[in-house]
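Working notes for the structure below.
Number of protein chains: 2
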Amino acid sequence: MQEPDFGKRGGLVPAVAQDAETGQILMVAYMNREAWRHTLATRRATYWSTSRNALWVKGETSGHLQHVREILVDCDDDAVVLRIEQVGGVACHEGYASCFHRRVEDGTWRVIAPRLEPPSAG
Amino acid sequence: MQEPDFGKRGGLVPAVAQDAETGQILMVAYMNREAWRHTLATRRATYWSTSRNALWVKGETSGHLQHVREILVDCDDDAVVLRIEQVGGVACHEGYASCFHRRVEDGTWRVIAPRLEPPSAG
C-alpha cells in the first residue's frame, strides 16, 4: 500500500476537496494517516481537525457527507485531491456551496456566491 | 488591505493553483505574507518554497509562469485558491500539466496523464 508522505509536515498533508462533476474547489483541509486510511476504507472524506485535534468525518453531524469518487496524489507525495460528490451541495459550515466563496478585489474580500443554508457545525 | 491569517501555521497558508479555464487543479504550494504581497503586486503566482526557504516566483527559471486571473480566500482565512493561466501548459516540474497526475487505485499510484516535457527545475 502506497501512502502520502506524512513525515514532512508534522504528520499532515493538505487535502483539496473538488466537486467531481463541476471541478469547483470546495474546501482545503488536512489528513493524517488515520484520516487517509479511514477515507480509503469508507470512501467518505475524512480529515484531521487541526482545531479539535480529532478525526473528522466530514458531514457526520450536518449530513453533508462527501462521497469520494477519485483520489489524486501530487508529485511530491505531500498533497492530495479528493474528487467528491458533495451531499446537499453545501461544503462550507457557513452555508455556502464552497468555502472559497470570497474573491480578492482591490485588497478586500467580496462574497461572490449565495448562502444556501444558515451556518452550521459543518 | 485584508490578508490571509498567516499566524495560524507558522506563517504559511496552502495555495491551490487551478486552471482558470478548465478548472483542473495544477498544484498545491504555500504562501507567506511576502509571497502573498508579491503575487498581488505582480499578478504572477509567487509561493514560499518550504524546501529552499526562499521566495519562489513560479516559472521564473523554467518560463512556466502562472498569470493570476482571480484569487479566492476560504471562510477561515487560512487557504487560498489562485485561478491562473499556466504558461506553457505545464505546471509540474516533472513535465506534466498538473502535479496531480497520479490516481490512487487499489492502494497504489497510477499515472493518468501524459508527460509533456522532460523534468525540469520547475
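Chains S and B, in that order, are what the protein sequence lines are. Basically our numbering = 1-based index in the first sequence + 115. Basically our numbering = 1-based index in the second sequence + 115. By construction, the Cβ of each residue, glycine as well, lies at the ideal position given by its N, Cα and C atoms. Note that the coordinates shown come from a computational prediction; the quantities given were computed from them, not determined experimentally.
Beta-ladder partner(s) of residue i, from DSSP
i, result
"Q133 of chain S", "S:I140, S:R198"
"A228 of chain S", "For A228 of chain S, which the question treats as bridged, DSSP gives no partner whatsoever."
"W163 of chain B", "B:L170"
"Q117 of chain S", "Bridge partners of Q117 of chain S: none, in fact."
"H182 of chain B", "B:R159, B:E200"
"V188 of chain S", "S:V195, B:R217"
"Y145 of chain S", "S:P129"
"T223 of chain S", "S:E220"
Listed by chain order, chain B residues near residue i by CB distance under 7 Å
i, result
"A194 of chain S", "V143"
"Q117 of chain S", "G222, T223, W224"
"V219 of chain S", "I186, V188"
9 Å Cβ cut-off: residues of chain B touching residue i
i, result
"E209 of chain S", "C190"
Reference residue i, options the options, closest by Cα
i, options, result
"R158 of chain S", "S:K123, S:A212, S:C214, S:R184", "S:R184"
"Q139 of chain S", "S:V219, S:Y211, S:T154, S:M146", "S:Y211"
"A144 of chain S", "B:R218, B:G125, B:V195, B:C207", "B:V195"
"M146 of chain S", "S:K173, S:E136, S:T223", "S:K173"
"D189 of chain S", "S:A130, S:L231, S:R124", "S:A130"
"I149 of chain B", "B:T137, B:M142, B:S164, B:A135", "Residue identity differs from the one stated: residue 149 of chain B is Glu in this sequence, not Ile. Closest by alpha carbon: B:S164."
"H208 of chain B", "B:R217, B:P234, B:Q201, B:L197", "B:P234"
"P119 of chain S", "S:R218, S:A135, S:R152", "S:R152"
"R198 of chain B", "B:G126, B:A160, B:K123, B:N168", "B:A160"
"Q117 of chain B", "B:R167, B:D191, B:Q181, B:A132", "B:D191"
"H179 of chain B", "B:D134, B:A228, B:M142, B:G204", "B:G204"
"R218 of chain S", "B:L127, B:L187, B:W224", "B:L187"
"E232 of chain S", "S:L170, S:R225, S:S213", "S:S213"
"A132 of chain B", "B:G126, B:S177, B:L170, B:H182", "B:H182"
"L127 of chain S", "S:E220, S:S177, S:Y162, S:E136", "S:Y162"
"A206 of chain S", "S:K123, S:S166, S:R124, S:S177", "S:S177"
Residue i: contacting residues in chain S (beta-carbon distance under 9 Å)
i, result
"F121 of chain B", "Ordered by position in chain S, no residue passes the 9 Å Cβ test against F121 of chain B, which lies about 15 Å from the chain."
field: Against chain B: residues of the region 154 to 187 of chain S by CB proximity under 7 Å
entry: E185, I186, L187
message: Residues of the region 130 to 141 of chain S in Cβ contact with chain C at a cutoff of 8 Å, in chain order, please.
response: Chain labels in this structure do not include chain C; the protein chains are S and B.
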